[in-house]
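Numbering (the working numbering), first residue to last: 111 to 206.
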(Lines of atoms letter the chains of each structure in order from A and count residues from 1; the text may use other names and numbers.)
(Lines give C-alpha, C1' and ligand atoms only; values in the text may rest on other atoms or scores of the structure.)
Protein backbone atom coordinates (compact mmCIF):
# COMPACT_ATOMS: atom_id res chain seq x y z
CA UNK A 1 0.00 0.00 0.00
CA UNK A 2 1.49 3.36 -0.93
CA UNK A 3 1.81 6.26 1.50
CA UNK A 4 -0.99 8.33 -0.02
CA UNK A 5 -3.48 5.51 0.43
CA UNK A 6 -2.36 5.02 4.02
CA UNK A 7 -2.95 8.69 4.84
CA UNK A 8 -6.40 8.59 3.28
CA UNK A 9 -7.57 5.74 5.49
CA UNK A 10 -6.13 7.22 8.69
CA UNK A 11 -8.19 9.53 10.88
CA UNK A 12 -5.89 12.20 12.27
CA UNK A 13 -6.83 14.69 14.96
CA UNK A 14 -4.50 17.58 15.72
CA UNK A 15 -4.66 19.04 19.23
CA UNK A 16 -4.49 22.81 19.16
CA UNK A 17 -4.47 25.24 22.07
CA UNK A 18 -5.37 28.33 20.01
CA UNK A 19 -8.13 29.11 17.54
CA UNK A 20 -6.25 31.76 15.57
CA UNK A 21 -6.68 31.69 11.80
CA UNK A 22 -3.75 31.65 9.40
CA UNK A 23 -3.99 35.30 8.32
CA UNK A 24 -5.54 38.60 9.36
CA UNK A 25 -5.63 40.63 12.55
CA UNK A 26 -5.87 37.47 14.69
CA UNK A 27 -3.64 35.42 12.38
CA UNK A 28 -0.32 33.71 12.96
CA UNK A 29 1.95 36.60 11.97
CA UNK A 30 -0.03 39.36 13.70
CA UNK A 31 -0.46 37.56 17.02
CA UNK A 32 2.53 35.27 17.36
CA UNK A 33 5.16 37.23 15.40
CA UNK A 34 5.58 39.95 18.04
CA UNK A 35 5.65 37.30 20.78
CA UNK A 36 8.66 35.79 19.02
CA UNK A 37 10.41 39.14 18.57
CA UNK A 38 9.28 40.11 15.06
CA UNK A 39 9.29 43.81 14.27
CA UNK A 40 6.23 45.40 12.61
CA UNK A 41 8.05 45.18 9.27
CA UNK A 42 8.78 41.49 9.81
CA UNK A 43 5.14 40.87 10.77
CA UNK A 44 4.01 42.45 7.49
CA UNK A 45 6.45 40.30 5.51
CA UNK A 46 5.33 37.17 7.37
CA UNK A 47 1.67 38.05 6.75
CA UNK A 48 2.32 38.46 3.02
CA UNK A 49 4.08 35.09 2.94
CA UNK A 50 1.21 33.37 4.75
CA UNK A 51 -1.33 35.00 2.43
CA UNK A 52 0.64 33.69 -0.54
CA UNK A 53 0.79 30.22 1.06
CA UNK A 54 -3.00 30.31 1.53
CA UNK A 55 -3.50 31.43 -2.07
CA UNK A 56 -1.37 28.57 -3.43
CA UNK A 57 -3.15 26.03 -1.23
CA UNK A 58 -6.54 27.27 -2.40
CA UNK A 59 -5.48 27.17 -6.06
CA UNK A 60 -4.21 23.61 -5.70
CA UNK A 61 -6.88 22.16 -3.40
CA UNK A 62 -9.91 24.46 -3.69
CA UNK A 63 -9.90 24.71 0.12
CA UNK A 64 -10.13 28.23 1.56
CA UNK A 65 -7.77 28.03 4.52
CA UNK A 66 -7.50 31.72 5.42
CA UNK A 67 -9.92 31.76 8.35
CA UNK A 68 -9.86 28.10 9.43
CA UNK A 69 -9.95 28.04 13.25
CA UNK A 70 -6.61 26.84 14.59
CA UNK A 71 -4.96 27.22 11.21
CA UNK A 72 -2.53 29.80 12.52
CA UNK A 73 -1.19 27.54 15.24
CA UNK A 74 2.55 26.87 15.11
CA UNK A 75 3.06 29.28 12.22
CA UNK A 76 0.55 27.54 9.97
CA UNK A 77 1.23 23.91 10.82
CA UNK A 78 -2.45 23.47 11.63
CA UNK A 79 -3.32 24.32 8.04
CA UNK A 80 -0.65 21.96 6.73
CA UNK A 81 -2.06 19.09 8.79
CA UNK A 82 -5.62 19.86 7.70
CA UNK A 83 -4.80 20.15 4.01
CA UNK A 84 -2.07 17.57 3.50
CA UNK A 85 -3.10 14.96 6.08
CA UNK A 86 -6.85 15.58 6.02
CA UNK A 87 -6.61 16.12 9.78
CA UNK A 88 -9.27 17.60 12.02
CA UNK A 89 -8.04 20.53 14.11
CA UNK A 90 -9.59 20.31 17.56
CA UNK A 91 -9.10 21.99 20.92
CA UNK A 92 -6.66 19.90 22.92
CA UNK A 93 -9.15 19.44 25.75
CA UNK A 94 -11.44 17.54 23.36
CA UNK A 95 -8.69 15.06 22.54
CA UNK A 96 -6.90 14.57 25.85
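Using N, Cα and C, we set each Cβ at its ideal position, and we do this for glycine too.
Could you have a look at residue i and say whether DSSP puts it in helix, strand or coil?
{"i": "residue 124", "result": "strand"}
{"i": "residue 201", "result": "strand"}
{"i": "residue 133", "result": "coil"}
{"i": "residue 182", "result": "coil"}
{"i": "residue 153", "result": "helix"}
{"i": "residue 159", "result": "helix"}
{"i": "residue 170", "result": "helix"}
{"i": "residue 145", "result": "helix"}
{"i": "residue 116", "result": "helix"}
{"i": "residue 175", "result": "coil"}
{"i": "residue 193", "result": "helix"}
Which residues in the same chain as residue i place their Cβ atom closer than 8 Å to its Cβ, once the five residues preceding and following it in sequence are excluded?
{"i": "residue 197", "result": "122, 123, 124, 191"}
In chain order, what residues of the same chain have a beta carbon less than 6 Å from the beta carbon of residue i, not counting five sequence neighbours either side?
{"i": "residue 136", "result": "130"}
{"i": "residue 202", "result": "125, 127"}
{"i": "residue 177", "result": "131"}
Note down, in chain order, each residue of its chain lying with its Cβ closer than 7 Å to the Cβ of residue i, except the 5 sequence neighbours on either side.
{"i": "residue 193", "result": "167, 171, 173, 175"}
{"i": "residue 195", "result": "117, 122"}
Measure the beta-carbon distance from residue i to residue j and round it to whole angstroms, keeping in mind my assumption that it falls under 8 Å.
{"i": "residue 133", "j": "residue 157", "result": "6 Å"}
{"i": "residue 186", "j": "residue 138", "result": "6 Å"}
{"i": "residue 179", "j": "residue 205", "result": "Going by Cβ atoms, the distance from residue 179 to residue 205 rounds to 15 Å, so no, they are not a contact pair."}
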